[in-house]
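These notes are about the structure you will find just below.
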Amino acid sequence: IFSMENGARITFNDPRRFGAMDLLDTALGDAHPLLRNIGPEPFGNEFHEDYLVNILKKKNSPIKSALLDQRIIAGLGNIYVCEVLFRAGISPKKLAGKISAKRTAPMVAIIRDVLGEAIQAGGSTLRDFRHSDGELGYFQHTFKVYGREDEACTNTDCDAKIKRIFQSGRSSFYCPKCQR
1 IFSMENGARI TFNDPRRFGA MDLLDTALGD AHPLLRNIGP EPFGNEFHED YLVNILKKKN
61 SPIKSALLDQ RIIAGLGNIY VCEVLFRAGI SPKKLAGKIS AKRTAPMVAI IRDVLGEAIQ
121 AGGSTLRDFR HSDGELGYFQ HTFKVYGRED EACTNTDCDA KIKRIFQSGR SSFYCPKCQR
């Protein structure tokens, strides 16, 4: 916890230990080693349909891995990628470069929608996540696939059950019928 002269406090809480913190001279900006290879922010102007279509068509990895790659899009985590792919109707196993532009382009809006809804709900509390004020997030109550292995798909016209596979050491949850 950093206490500022104006009374504000900055809290760095990283129970899963994925994060890092460093102080830097603002003149360095994006040249800092932790920042220079990060992709665009999902809500930024540099993240748009043409960008996503063009970068993903060059990728030979599964779409799930590509979307988790922080060099492609900054800040997307496993939970949100699972939810994005469900809404987009795309299997996490599908190779990114094999997905048509017609199916890739809408993912920009879907990513923004999922993240916006998660922010409005205060994030996702799984195990020990809490805000600096101790409040829990509530987005996990709206998950369509994440953590729902063997449960019924939430699409009313689907009779499949949510599956779980492991990709690059991470769990992927998806509907084998709705996501192709």
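Heads up: the sequence shown at position 50 corresponds to 50 in the working numbering, and the numbers run straight through without jumps.
Glycine residues also receive a C-beta, built at the ideal position from the N, C-alpha and C atoms.
Mind reading off the beta-carbon distance from residue i to residue j? Whole number of angstroms is fine, and I expect it under 8 angstroms.
| i | j | result |
| --- | --- | --- |
| L76 | P40 | L76 to P40, Cβ: 11 angstroms. No contact. |
| K264 | S172 | Only positions 1 to 180 of the chain appear in the structure, and residue 264 is not among them; the question remains open. |
| V108 | F47 | 7 angstroms |
Would you kindly check if the distance between the Cβ of residue j and the Cβ of residue i is under 7 angstroms?
| i | j | result |
| --- | --- | --- |
| C175 | A160 | yes |
| E149 | R170 | no |
| G116 | Q179 | no |
| I72 | I55 | yes |
| V81 | I110 | no |
| T154 | K144 | yes |
| A74 | A96 | no |
By DSSP's criteria, residue i is part of a beta bridge. Which residues make up the other side?
| i | result |
| --- | --- |
| R164 | F173 |
| P33 | In DSSP, P33 forms no bridge with anything. |
| P62 | L95 |
| S3 | R9 |
| A152 | K161 |
Straight-line CA distance for residue i to residue j?
| i | j | result |
| --- | --- | --- |
| N60 | K98 | 8 angstroms |
| E5 | K177 | 55 angstroms |
| A31 | D25 | 10 angstroms |
| S3 | L34 | 24 angstroms |
| K102 | D113 | 18 angstroms |
| G233 | R87 | Nothing about residue 233 can be read from this structure; the chain reaches only from 1 to 180. |
| Q120 | T11 | 20 angstroms |
| Q70 | T104 | 18 angstroms |
| L23 | D14 | 17 angstroms |
| G29 | N45 | 18 angstroms |
| P92 | P62 | 6 angstroms |
| F166 | P106 | 25 angstroms |
| I183 | G122 | Given a span of 1 to 180 for the chain in the structure shown, any question on residue 183 remains unanswerable. |
| S168 | G7 | 43 angstroms |
Let me check you understand the geometry: is the CB of residue i closer than 6 angstroms to at least one non-hydrogen atom of the ligand GDP?
| i | result |
| --- | --- |
| I111 | The ligand GDP is not among the ligands present in this structure, which contains no ligands whatsoever. |
Counting only C-beta atoms, is residue i closer than 7 angstroms to chain D at any point?
| i | result |
| --- | --- |
| Q167 | Among the protein chains of the structure shown there is no chain D, as only one such chain exists. |
Flag this pair as touching only if the region 51-71 and the region 24-39 have three or more C-beta atom pairs under 8 angstroms; answer yes or no.
Taking 8 angstroms as the limit for Cβ pairs, the verdict is that the region 24-39 does touch the region 51-71.
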